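Here the structure is laid out as structure tokens; the discussion comes afterwards.
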Amino acid sequence: MDTTHQMLDVTGPATATLSVGDSMSPITVIGTESIRESFGPQTYQQAINSRLAPGVSRVVLNPDAHVGYGAPVGCVMVSPTHVYPGPVGVDIKCSMSLLQTDLPADAIEEHTVRRKLIKAIAKRVPTGAGRGQRHVPKARSVDGSLGFRVATEGASKMVLKKLGIPKAWADRCEDAYHTAADGTSDSLAARLEWMGRDRDKLNRIESKYRQLGSYGGGNHFGEAEVVQVSQDPHARQIAEQIGLRHNHVAFLSHCGSRGFGHDLAMGQFRALKSSFQKQGLAFPAGDPQLVYAEADSPEGRLYLSDMAMGANFATVNHLLINALVLESFRDVFPGIRGELIYFISHNIVRREPIDGQTQWVHRKGATRALPAGHSQLVGTEFEHTGHPILLPGNPRDGSSVMVARPGAALSAFSVNHGAGRQMSRTKAKKNLSQTTIDQDLLDHDIVSNCRVYPRDEAPDAYKDFREVLDSVVGADLAMEVARLKAKFVLKDGAPADD
DNA sequence: ATGTCC
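Position 45 of the first sequence, counted from 1, bears residue number 44 in numbering that gives the first Met the number 0, the numbering being contiguous throughout.
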């Protein structure tokens, strides 16, 4: 039985702090009481380990927190000096994106229409581990040289042109491209060339390039939504300014850097672990998953280079998926238009001004949340609104588009990245009834590409989304500007008898 | 998350 939550100092309706050692900066905990009580002892222990790790200045635990790799999924870890690969995670730059179409909601009311759209999308955008050899026209096939440019340049003008992605979409990315620590793509190219010297490695890298424009497995998904803009006049004005259209169809995507980012992340974990062992260095709290490097060291710079390439791949992957989804909608509804609302990550480390100095902000299952007027938004089209925050809940209960409030400074300008698991995959598969899950989705008028919906991804495997939203709003981190109501969902399908 | 163990 966990008692850590009883040691918290409650500071507001959805905020608390947890003092660790003689720390001047306690762990910030975001969540209503019932959310805080839902965090298990191991989640709190991982937060404590992270807070006490070398060079760490702040840790925030978000309402979707649960046990992760080294640090909890659903946390923010801040350091002025150190980078931590574990808290970035194996899916480098796992992200959300939202495409707004001008198609009225009524147009996809018929299930037969939705089935057509699912088929058109699935034809272009494969799903699941190892997938990616989709049937593509030659113009969009990703060979070694285009893959190389994707990894080193990200969403550059040339890459977007080659892949038939509207160039304006680059302005709707949290980061359209990532460079090496020296600020150039040249060192990324040198790094990638070095990696590709080994023939087997090169083959492996090039096979991952071909996954560009595909969803992964697990919690990755694509979902058609009806946008329901908030009734509140201020929220409605912001929703319109960022391009949302009430009662029109939008498409929400969740995926990351696929096998390409996975290999880069695993390579870095291995390299850093063996470097620690060679030097006889102790892992923080004895946990190899909390291996780290000083950002300004050879190891740190190598990690940041590899992370940048994984991040570039994830960025172009999302943008290509959105272009392919729009193309699929046009199969069924010729001439419709679509614009990217935003593309934003929840597994990344970024340099940001925090507490008066530039620091490395690790968001592990956490979303950046910069309010209007934040220095990093000056000169962007979101300067006066805050950038969109894309918060997936679950298909049954909806997802949310929010913008940050000035209060987000409390959480190192971050909010959660979703609802967060309340049940392990094993427990969900054991406890949740397949027929109930499938009927539940049908009762909520949601069509899926899966014969049977994956039980470990069922809405009830995740925390109560209303409670999670109450936490964000109660802590005054962000305000909702629109709710997304799912109409159909594409996921990596589970076999009927698993 | 991941050709779910190089």
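Glycine included, each C-beta is placed from N, C-alpha and C at the ideal position.
Please read all numbers here as calculations on a predicted model, not as lab measurements.
Exercise for review: Closer than 6 Å by C-beta to residue 49: which residues in its own chain qualify, once you throw out the five before and the five after it? Chain order, please.
Suggested key: Taking the first residue of the first sequence as 1, we reach residue 49 at position 50. 58, 70 and 76.
Check your understanding: In its own chain, which residues sit with a C-beta less than 7 Å from the C-beta of residue 156, not counting the 5 before and 5 after it?
Key -> For the purposes of this step, residue 156 is identified with residue 157 of the first sequence, where counting begins at 1. Scanning its chain for C-beta atoms nearer than 7 Å, with the 5 sequence neighbours on each side dropped, one finds around residue 156 the residues 166, in chain order.
Check your understanding: Since residue 19 and residue 39 are thought to touch, with beta carbons under 8 Å apart, how far apart are those beta carbons, to the nearest angstrom?
Key -> Taking the first residue of the first sequence as 1, we reach residue 19 at position 20. Taking the first residue of the first sequence as 1, we reach residue 39 at position 40. Between residue 39 and residue 19 the Cβ distance is about 17 Å, and since that is not below 8 Å, they are no contact.
Practice item. Jot down the residue ranges of each uninterrupted beta strand (DSSP E) in the stretch 80–161, minimum 3 residues, whole runs only, in chain order. Key: DSSP runs (the beta strand (DSSP E)) wholly in the stretch 80–161: 94–103.
Practice item. With a 10 Å radius around its C-beta and 16 neighbouring C-beta atoms as the bar for buried, classify residue 484 as buried or exposed. Key: In the first sequence, counting from the first residue as 1, residue 484 sits at position 485. Burial call: buried.
Check your understanding: For residue 309, which of helix, strand or coil comes out of DSSP?
Key -> Position 310 of the first sequence, counted from the first residue, corresponds to residue 309. Residue state, collapsed to three classes: helix.
Exercise for review: Pull up the distance between the alpha-carbon of residue 309 and that of residue 153, whole angstroms please.
Suggested key: The sequence position of residue 309 within the first sequence is 310, counting from 1. The sequence position of residue 153 within the first sequence is 154, counting from 1. As the crow flies, the alpha-carbon of residue 309 is around 9 Å from that of residue 153.
Exercise for review: Express the C-alpha separation of residue 191 and residue 197 in angstroms, rounding to a whole number.
Suggested key: For this step, residue 197 is matched to residue 198 along the first sequence. For this step, residue 191 is matched to residue 192 along the first sequence. Straight-line Cα distance between these residues: approximately 11 Å.
Review point. If we call anything under 8 Å between Cβ atoms a contact, is residue 400 one with residue 445?
Key: Here residue 400 refers to the residue found at position 401 of the first sequence. Here residue 445 refers to the residue found at position 446 of the first sequence. Not in contact: residue 400 and residue 445 (Cβ atoms no closer than 8 Å).
Point to revise | Environment of residue 351 [buried if 16+ CB atoms lie within 10 Å] | key: Counted from its first residue, the first sequence places residue 351 at position 352. Buried, since its Cβ has 16 or more Cβ neighbours within 10 Å.
Check your understanding: Buried or exposed: which applies to residue 288, given that a residue is buried once 16 or more other Cβ atoms fall within 10 Å of its Cβ?
Key -> Against the first sequence, residue 288 aligns to sequence position 289. Burial check for residue 288: the Cβ neighbour count within 10 Å reaches 16 or more, so the residue is buried.
**Study point:** residue 30 classed as buried or exposed, judged by whether at least 16 other C-beta atoms fall within 10 angstroms
**Key:** Taking the first sequence and counting its residues from 1, one reaches residue 30 at position 31. So residue 30 counts as buried.
Review point. Using 8 Å as the threshold, is the stretch 359–372 in touch with the stretch 74–88, meaning 3 or more CB pairs across them?
Key: yes
Check your understanding: Which word fits residue 63, buried or exposed, when buried means at least 16 other C-beta atoms lie within 10 angstroms of its C-beta?
Key -> Numbered from 1 along the first sequence, position 64 holds the residue referred to as residue 63. Buried.
Point to revise | C-alpha distance - residue 111 paired with residue 329, whole-angstrom precision | key: In the first sequence, residue 111 corresponds to position 112, counting from 1. In the first sequence, residue 329 corresponds to position 330, counting from 1. Those two C-alpha atoms are separated by around 16 Å.
Point to revise | Cα-Cα separation between residue 405 and residue 357, rounded to whole angstroms | key: Looking up residue 405 in the first sequence gives position 406. Looking up residue 357 in the first sequence gives position 358. Their backbone Cα atoms lie some 18 Å apart in a straight line.
**Study point:** For residue 454, the nearest candidate out of 463, 442, 427 and 464 (CA to CA)
**Key:** Residue 454 sits at position 455 when you count from the first residue of the first sequence. Among 463, 442, 427 and 464, the Cα nearest to that of residue 454 is on 427.
Review point. Residue 294: which of 12, 55, 258 and 403 sits nearest, CA to CA?
Key: Taking the first sequence and counting its residues from 1, one reaches residue 294 at position 295. Nearest option by C-alpha distance: 55.
**Study point:** Residues bridged to residue 48 (per DSSP)
**Key:** One-based indexing of the first sequence puts residue 48 at position 49. None; residue 48 has no bridge partner.
Check your understanding: If you draw a straight line from the C-alpha of residue 384 to the C-alpha of residue 408, how long is it?
Key -> As a first step, residue 384 is located in the first sequence; it is residue number 385 there, counting from the start. As a first step, residue 408 is located in the first sequence; it is residue number 409 there, counting from the start. So the two alpha carbons sit approximately 16 Å from each other.
Review point. With burial defined as no fewer than 16 other Cβ atoms inside 10 Å of the residue's Cβ, what is the status of residue 497: buried or exposed?
Key: Indexing the first sequence from 1 puts residue 497 at position 498. For residue 497, the predicted model reports a pLDDT of 48, less than 50, meaning its position is unreliable; a value from the coordinates is still stated below. With fewer than 16 Cβ atoms within 10 Å of its Cβ, residue 497 is classed as exposed.
Point to revise | Cut-off 6 Å between Cβ atoms - residues of its own chain near residue 416, not counting five sequence neighbours on either side | key: In the first sequence, the residue the question calls residue 416 occupies position 417. The answer, listed in chain order, is 345, 364, 365 and 366.
Practice item. Out of 238, 189 and 147, point me to the one whose CA is closest to residue 259's CA. Key: By 1-based counting over the first sequence, the position of residue 259 is 260. Checked all of 238, 189 and 147; the closest Cα to residue 259 is 147.
Exercise for review: Taking residue 205 as part of the alpha helix (DSSP H), name the residues at either end of that continuous run.
Suggested key: Locating residue 205 in the first sequence gives position 206, where the first residue counts as 1. 198–208 is the extent of the alpha helix (DSSP H) around residue 205.
Point to revise | For residue 332, three-class secondary structure by DSSP | key: Translated into positions along the first sequence, residue 332 becomes position 333. In the structure shown, residue 332 sits in coil (DSSP, three-state: anything other than H, G, I, E or B).
**Study point:** Under 8 Å between C-beta atoms of residue 245 and residue 227
**Key:** Here residue 245 refers to the residue found at position 246 of the first sequence. Here residue 227 refers to the residue found at position 228 of the first sequence. Yes, Cβ-Cβ distance for residue 245 and residue 227 is below 8 Å.
Check your understanding: residue 403 to residue 353, Cα distance in whole Å?
Key -> If you number the first sequence from 1, residue 403 lands on position 404. If you number the first sequence from 1, residue 353 lands on position 354. So the alpha carbons of these two residues sit roughly 15 Å apart.
Practice item. Determine the DSSP secondary structure at residue 395, reduced to helix, strand or coil. Key: By one-based count along the first sequence, residue 395 stands at place 396. Of the three classes helix, strand and coil, the one that applies to residue 395 here is coil, per DSSP.
Practice item. Kindly list the residues whose CB is nearer than 7 Å to the CB of residue 80, restricted to its own chain and excluding five residues on each side of it in sequence; keep chain order. Key: As a position in the first sequence, residue 80 is number 81, starting the count at 1. 54, 293 and 294, listed in sequence order.
**Study point:** Per-residue DSSP class, three states only, for residue 246
**Key:** Within the first sequence, numbered from 1, the residue matching residue 246 stands at position 247. Correct three-state label for residue 246: coil.
Exercise for review: Ignore the nearest five residues each way along the sequence and tell me which others in residue 461's own chain have a CB closer than 7 Å to its CB.
Suggested key: Against the first sequence, residue 461 aligns to sequence position 462. Within the same chain, residue 461 has close Cβ partners 393, 418, 419, 420 and 421.
Check your understanding: Helix, strand or coil: which one does DSSP assign to residue 369?
Key -> As a working note, residue 369 is residue 370 in the first sequence. Three-state result, residue 369: coil.
Check your understanding: Nearest CA to the CA of residue 206: which residue from 185, 129, 389 and 11?
Key -> Against the first sequence, residue 206 aligns to sequence position 207. That would be 129, whose Cα lies nearest to the Cα of residue 206.
Practice item. From the DSSP output, in three-state form, read off residue 218 for me. Key: For this step, residue 218 is matched to residue 219 along the first sequence. If DSSP states are grouped into helix, strand and coil, residue 218 belongs with coil.
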